[in-house]
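Residue numbers (full-length UniProt numbering): 1 to 322.
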């Protein structure tokens, strides 16, 4: 197989061959393309050298294409049309008149941060297509590394688990969106329901409701620091279900503000922890993807949604600055 150090046929050469076929002379082709006649002649000679055959037959001031030249001119129509279409699509993407963003986010952000972000994007860039799927940080980060998503919304608790997540984020780009405080949720009739803050050691004898594996690990870590091992009676990654179990008096749970700001919990009491516990909410992408206009717009929308008033609806937020 012959390997060329440079392309045998390029787009410029194809444009010249098509112009010659359409115009019938070097001079007319030069005028049509905005070149000089010598430049057209030089481009034809270079193309003939690369292809190893005669492409144009000259007679007087007129020229006509050889069989090989006619082949190039014929194929030029489709090739140049495809290139023009590609340029139009790239221009649309670069100008945010088109584009795609594949977003993955952990479930407890689905009721709050994600809808607000999507509302902002829809209001400002209606031609961007956004797809969204739920995934916990290990799965979403793996999808990002594997090319199956463009932005992952992840979280990391303070302490050792943050270090584990940082290791996962090697070679990736993160934006810190917000700090999400974690609170203790107890039944409204609980003896400590009216306390100003919760000291975990006071709840050592309670039955506990745990969430996702990362959240369960956070609970075990806090309890270990407080000097006890929690009796985990129920496990569910559905925070609405957790609040339902607490409401029914079946246990206590650690729930982040991101959920408490969205879910109704009239029959439970929420207590800040002493000392306080928080998790970082992060937007994660790759160095190359962050330069894609649609992805950059999604990251900006996430940052704005994370910093907005949680009592304002997504529609109000999008309309306020559209």
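From the three backbone atoms N, C-alpha and C, an ideal C-beta is built for every residue, glycine too.
Regarding residue i and the ligand GDP, is the C-beta to nearest heavy atom distance less than 8 angstroms?
i, result
"residue 182", "Among the components of this structure there are no ligands whatsoever, and the ligand GDP is therefore not found."
Is residue i near residue j, with beta carbons less than 9 angstroms apart?
i, j, result
"residue 222", "residue 140", "no"
"residue 130", "residue 101", "yes"
"residue 21", "residue 70", "yes"
"residue 273", "residue 211", "no"
"residue 260", "residue 281", "no"
"residue 224", "residue 247", "no"
"residue 262", "residue 111", "yes"
"residue 175", "residue 270", "no"
"residue 24", "residue 63", "yes"
"residue 52", "residue 294", "no"
"residue 76", "residue 8", "no"
"residue 15", "residue 65", "no"
"residue 208", "residue 187", "no"
"residue 156", "residue 104", "no"
"residue 306", "residue 121", "no"
"residue 227", "residue 204", "yes"
"residue 32", "residue 39", "no"
"residue 83", "residue 13", "no"
Would you please state the rounded distance, in angstroms, between the beta carbons of residue i and residue j? I believe it to be under 8 angstroms.
i, j, result
"residue 153", "residue 55", "Contact flag wrong, Cβ pair sits at about 56 angstroms."
"residue 256", "residue 181", "7 angstroms"
"residue 292", "residue 243", "About 38 angstroms separates the two Cβ atoms, so there is no contact after all."
"residue 136", "residue 214", "7 angstroms"
Determine the extent of the alpha helix (DSSP H) in which residue i is found, giving its start and end residues.
i, result
"residue 237", "No alpha helix (DSSP H) holds residue 237; DSSP gives it neither H nor E."
"residue 38", "37-51"
"residue 221", "213-226"
"residue 138", "137-145"
"residue 14", "11-23"
"residue 29", "26-33"
Could you spell out the range, first to last residue, of the beta strand (DSSP E) harbouring residue i?
i, result
"residue 178", "173-187"
"residue 56", "56-59"
"residue 124", "Element bounds for residue 124: not the beta strand (DSSP E) but the alpha helix (DSSP H), 113-124."
"residue 271", "268-285"
"residue 104", "100-105"
"residue 291", "No beta strand (DSSP E) contains residue 291, which DSSP labels as neither H nor E."
"residue 209", "207-210"
"residue 253", "252-256"
"residue 97", "Premise fails: residue 97 is in no beta strand (DSSP E) and is neither H nor E."
"residue 129", "129-134"
"residue 64", "62-65"
I need the straight-line Cα distance from residue i to residue j, nearest angstrom please.
i, j, result
"residue 192", "residue 284", "39 angstroms"
"residue 232", "residue 217", "12 angstroms"
"residue 161", "residue 252", "For residue 161, the predicted structure reports a pLDDT of 45, less than 50, and the residue's modelled location is therefore unreliable. The matter cannot be settled from this model."
"residue 287", "residue 74", "41 angstroms"
"residue 36", "residue 26", "9 angstroms"
"residue 148", "residue 198", "41 angstroms"
"residue 1", "residue 47", "Low per-residue confidence applies at residue 1: pLDDT is 43, beneath 50, and the placement is therefore not dependable, though the value from the model is reported in the following sentence. Each residue's Cα considered, the two are about 20 angstroms apart."
"residue 200", "residue 115", "33 angstroms"
"residue 158", "residue 123", "35 angstroms"
"residue 118", "residue 202", "41 angstroms"
"residue 57", "residue 11", "21 angstroms"
"residue 189", "residue 125", "48 angstroms"
"residue 88", "residue 296", "20 angstroms"
"residue 95", "residue 290", "15 angstroms"
"residue 67", "residue 86", "29 angstroms"
Does chain C have any CB closer than 9 angstroms to the CB of residue i?
i, result
"residue 135", "Looking at the structure shown, chain C is missing, and only one protein chain is on hand."
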